[in-house]
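Heads up, the thing below is written out as structure tokens.
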Amino acid sequence: MDHVFVIGLGSNLGVREHNLSAAVEAVARLALPLAVRLEALSCVYESAAIGPPQPAYLNAALRLSACCTPEALLEALHAIEAAHGRTREVHWGPRSLDLDILWASEGRQTEQLTIPHAQLLLRTFALAPLLDVAPELAVHYAPVLERLGGPPPVRGTLRYDPTSGSCELAASAQCG
Ligand code: AMP
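Each residue of the sequence shown is one higher than the one before, counting from 77 in the working numbering.
And the structure:
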């Protein structure tokens with residue numbers, strides 16, 4: 077059976093928009109091993125980093141359906157992070173690429189995984205792109221986003237071309 081997942085993407089090192097685009101392309105390539113189907117891409121938001129002083133983040137989200145467990149998907153996401161230079165030296169330190177499971181059609185509460193993501197209700201940079209790609213969740217999350225001050229500034233939208241398999245940041249603010 078297919079499950080819906082919303083993946084949060086973040087980058088604050090290197091060419092941030094390239095890192096986000098490369099992650100979308102890599103997730104789309106999971107079509108064969110995990111039967112992943114990309115369904116929607118959010119706007120790209122910019123916000124100040126949490127934690128030690130470091131560059132600002134670009135964040136986005138993608139919605140996919142897949143015929144796999146969240147653990148299998150997380151393993152694939154960690155491999156994509158590693159392939160894009162992600163290291164885990166500093167807790168909440170800068171990272172070229174961070175991929176999290178923000179939400180899924182089935183929740184999870186295990187030692188390895190909390191779905192919805194444990195920090196979701198605290199983070200405008202996660203809530204705003206989540207609602208772009210899963211507007212049906214607005215009834216639960218839009219009031220929380222408003223209480224936190226609303227969405228961060230939009231810097232564009234991710235556009236994926238399935239024919240070429242390439243993704244880029246477009247200037248448009250039309251998301252979802
Ligand atoms: P991070 O350093 O933010 O990429 O996450 C570190 C660890 O958080 C992962 O190895 C997971 O085991 C755990 N984790 C718990 N819930 C989630 C989630 N919803 N999405 C991604 N990682 C999660």
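Glycine included, each C-beta is placed from N, C-alpha and C at the ideal position. Predicted model, so just to flag it, every value in this text is computed and none were measured.
Helix, strand or coil at residue i [DSSP, three-state]
{"i": "VAL91", "result": "coil"}
{"i": "VAL120", "result": "strand"}
{"i": "HIS216", "result": "helix"}
{"i": "THR200", "result": "helix"}
{"i": "SER141", "result": "strand"}
{"i": "ASP208", "result": "helix"}
{"i": "ALA136", "result": "strand"}
{"i": "HIS79", "result": "strand"}
{"i": "ARG223", "result": "helix"}
{"i": "LEU189", "result": "coil"}
{"i": "ALA152", "result": "helix"}
{"i": "GLU182", "result": "coil"}
{"i": "LEU173", "result": "coil"}
{"i": "VAL112", "result": "coil"}
{"i": "ALA125", "result": "coil"}
{"i": "SER97", "result": "helix"}
Heavy atom of the ligand AMP within 7 Å of residue i beta-carbon
{"i": "GLN185", "result": "no"}
{"i": "ILE126", "result": "no"}
{"i": "LEU149", "result": "no"}
{"i": "ALA194", "result": "yes"}
{"i": "LEU189", "result": "yes"}
{"i": "ILE177", "result": "yes"}
{"i": "ASP208", "result": "no"}
{"i": "ASP78", "result": "no"}
{"i": "ASP237", "result": "no"}
Residue i burial status per 10 Å Cβ neighbour count (16 or more: buried)
{"i": "ILE156", "result": "buried"}
{"i": "ILE126", "result": "exposed"}
{"i": "SER172", "result": "buried"}
{"i": "PRO219", "result": "exposed"}
Three CB pairs or more closer than 8 Å across the stretch 135 to 147 and the stretch 78 to 96: yes
If you pair each beta-carbon of the stretch 176 to 188 with each one of the stretch 115 to 134, do three or more pairs fall below 8 Å? no
Any contact between the stretch 93 to 101 and the stretch 186 to 200? By contact I mean 3 or more CB pairs, one from each, below 8 Å. no
Could you tell me whether the stretch 140 to 150 touches the stretch 212 to 224, using the rule of 3 or more Cβ pairs below 8 Å? no
Taking one C-beta from the stretch 198 to 208 and one from the stretch 217 to 235 each time, how about it: are there three or more such pairs within less than 8 Å? yes
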